[in-house]
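Visitor: Residue numbers (the UniProt record's numbering): 1 to 415.
The beta-carbon is built from N, C-alpha and C at its ideal position, and this holds for glycine as well.
Given the structure is predicted, the values throughout are model-derived calculations rather than measurements.
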């Protein structure tokens, strides 16, 4: 048998009309054992009350001191007969039991003294704002600040002012909600104009690119807005036509923030010659290693993103064939040459290149076989370190040795 348990600090009374209510003057003497509460019988406050769902009668006893006292009218299921666990609770029993509950009382009690204490300790926002304004200190919400910055950016022709505004914007746009507000107020269009005009100096074009990237990072709503504005195609155009390597490096960051975890943007990237643009950056002699490495990292991240897509997301990435298109454009050779060309003591660069080789092992075996001597040298350099399980080089060496073993097997098969 299951019963419903209720704790109350007030005398219990049946929920009936005044005309039908019958008062029972018999005194209820509580004990530590359950006793039936008769119809209309008043009981002292602070007792343990339960409703028997089978009989529809209320029972009461003294509270146990060792148990925490719940608030009135709390309901819990209490198993009173473990031998009848599977007994069903009938609709009639529930209706009869709940008809006796007193819902006329509100358990939520407002502590007026506490409210007054809070009012004395803390001052209202509007009052604080007025006091601070009188001291020339102004409180502004992020929304107010963004609105002001957008207006200032649209009006100023002073490059130093632009620099200050763009620096502030880049800081605020890392915050998710701020970036959405900024996009809704057409802030993205303002930044695009600054990138597109020759009237803006290079430093401010760098800052505009960083601010765009900050707005896109991990923010699908802003990424979607950027895609609708044609920013994928526009960024690729700037990367193809520009000669400023510093700006192109910043633009790669912006493009990366727009593409990550956004298959629609990745499709647009492929449709507008994104693979060819990346190949051009990696192949150009005047591109520095830092920029080439960022381009290689971006391609690797997008390949891994597709490989790790789960369940229904796999269908979304089905036509995003970045790996296949890179291989068709001789990517295996480009990435191999880049590893050969860099200083083998540049651990950070080596680690990133090695990470980019691994997902392409099957497609690029024949090109990567030529890297075995380089991998041997790297193993000698970093394997001679004083390693332990917490070493920085543990995962790096594990990947290096696995890649080396696979390529050695390929070489032996060819022989």
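What are the boundary residues of the alpha helix (DSSP H) that includes residue 38?
Guide: Counting along the chain, residue 38 falls outside any alpha helix (DSSP H), and DSSP gives it neither H nor E.
Visitor: Only counting the same chain, and skipping five residues up and downstream in sequence, which positions put a Cβ closer than 7 Å to that of residue 159?
Guide: 201 and 204.
Visitor: Write down every uninterrupted run of the alpha helix (DSSP H) in the segment 157–222 whose length is 4 residues or greater and which is fully enclosed by it, in chain order.
Guide: As far as the segment 157–222 is concerned, its whole alpha helix (DSSP H) runs of at least 4 residues are 159–172, 176–184, 187–196 and 202–216.
Visitor: Can you list, in chain order, the residues of its chain whose CB lies under 8 Å from that of residue 397, leaving out five sequence neighbours each side?
Guide: Result list for residue 397: 379, 382, 383 and 387, in chain order.
Visitor: Would residue 363 and residue 316 be called neighbours here (beta carbons separated by less than 7 Å)?
Guide: Contact: no.
Visitor: Counting only the same chain and skipping the five closest in sequence on each side, list residues whose C-beta sits under 8 Å from that of residue 174.
Guide: Within the same chain, residue 174 has close Cβ partners 214 and 217.
Visitor: According to DSSP, is residue 49 part of a helix, a strand, or is it coil?
Guide: Correct three-state label for residue 49: strand.
Visitor: Start and end of the alpha helix (DSSP H) containing residue 264?
Guide: Counting along the chain, the alpha helix (DSSP H) containing residue 264 begins and ends at 263–271.
Visitor: If you run the structure through DSSP and keep just helix, strand and coil, what is residue 123?
Guide: Of the three classes helix, strand and coil, the one that applies to residue 123 here is coil, per DSSP.
Visitor: Taking only the alpha-carbon atoms, compute the straight-line gap between residue 373 and residue 184 and give it to the nearest angstrom.
Guide: Each residue's alpha carbon lies about 54 Å from the other.
Visitor: Would you kindly report the start and end of the unbroken alpha helix (DSSP H) that includes residue 365?
Guide: Counting along the chain, the alpha helix (DSSP H) containing residue 365 begins and ends at 365–368.
Visitor: Taking a contact to mean a Cβ-Cβ separation below 7 Å, would you say residue 297 touches residue 352 in this structure?
Guide: In contact: residue 297 and residue 352 (Cβ atoms closer than 7 Å).
Visitor: With DSSP collapsed to three states, give me the class of residue 32.
Guide: Reduced to three states, the DSSP call for residue 32 is coil.
Visitor: Helix, strand or coil for residue 82? Go by DSSP, reduced to three states.
Guide: Below a pLDDT of 50, predicted positions are generally treated as unreliable, and residue 82, at 49, falls in that range; no measurement from the model is reported.
Visitor: Among 323, 192, 39 and 285, which residue has its Cα nearest to the Cα of residue 154?
Guide: Of the candidates 323, 192, 39 and 285, the one whose C-alpha sits nearest the C-alpha of residue 154 is 192.
Visitor: Compare the Cα-Cα distances from residue 30 to each of 52, 55 and 64 and report the closest residue.
Guide: Nearest C-alpha to residue 30: 64.
Visitor: Is it buried or exposed, residue 41, if we count other Cβ atoms within 10 angstroms and call 16 or more buried?
Guide: Classification of residue 41: buried, given that the 10 Å Cβ count is 16 or more.
Visitor: Based on DSSP bridge pairs, tell me the residues matched to residue 61.
Guide: Answer by DSSP bridge pairing, in chain order: 48.
Visitor: To the nearest angstrom, how far is it from the Cα of residue 25 to the Cα of residue 52?
Guide: So the two alpha carbons sit approximately 23 Å from each other.
Visitor: With DSSP collapsed to three states, give me the class of residue 24.
Guide: DSSP places residue 24 in strand when its eight states are reduced to three.
Visitor: I need the straight-line Cα distance from residue 367 to residue 146, nearest angstrom please.
Guide: Taking the straight line joining both Cα atoms gives about 51 Å.
Visitor: For residue 186, count neighbouring Cβ atoms within 10 angstroms of its own Cβ and tell me buried if that reaches 16, exposed if not.
Guide: By the 10 Å Cβ count, residue 186 comes out exposed.
Visitor: Please return the same chain residues whose Cβ sits closer than 7 Å to the Cβ of residue 223, not counting the five positions on each side in sequence.
Guide: Cβ within range, chain order: 216, 258, 262 and 265.
Visitor: In three-state DSSP terms, what is residue 144?
Guide: The answer is helix: DSSP assigns residue 144 an H, G or I state.
Visitor: Leaving out five residues before and five after residue 279 in sequence, what residues of the same chain have Cβ atoms less than 6 Å from its Cβ?
Guide: So the qualifying residues of the chain are 329.
Visitor: Could you compute how far the alpha carbon of residue 77 sits from the alpha carbon of residue 312?
Guide: Reliability of the predicted coordinates at residue 77 is poor, the pLDDT of 47 falling under 50, and the value obtained from them is presented with this limitation in mind. Answer to the nearest angstrom: the Cα atoms are 41 Å apart.
Visitor: Using a Cβ-Cβ cutoff of less than 7 Å, which residues in the same chain neighbour residue 307 once the five nearest sequence positions on both sides are dropped?
Guide: Excluding residues within five positions, the ones whose Cβ falls inside 7 Å are 359.
Visitor: Who are the near neighbours of residue 28 in its chain, counting only those whose CB is closer than 6 Å to its CB and skipping five residues on each side?
Guide: 41 and 43, listed in sequence order.
Visitor: Tell me where the alpha helix (DSSP H) around residue 338 begins and ends.
Guide: Looking at the DSSP string, the run of the alpha helix (DSSP H) that includes residue 338 is 331–341.
Visitor: Please name the residue, chosen from 256, 337, 336 and 282, that lies closest to residue 301 on a Cα-to-Cα basis.
Guide: If we check each option's Cα against that of residue 301, 256 comes out closest.
Visitor: Is residue 380 helix, strand or coil by DSSP?
Guide: Residue 380 falls in the helix class under three-state DSSP.
Visitor: Pick helix, strand or coil for residue 347, following the three-state DSSP scheme.
Guide: Note: residue 347 maps to helix in three-state DSSP.
Visitor: Sort 303, 269 and 249 by Cα distance to residue 286 and report the nearest one.
Guide: Checked all of 303, 269 and 249; the closest Cα to residue 286 is 249.
Visitor: Can you give the beta carbon distance from residue 239 to residue 229, rounded, assuming they're within the 8 Å contact cut?
Guide: Between residue 229 and residue 239 the Cβ distance is about 17 Å, and since that is not below 8 Å, they are no contact.
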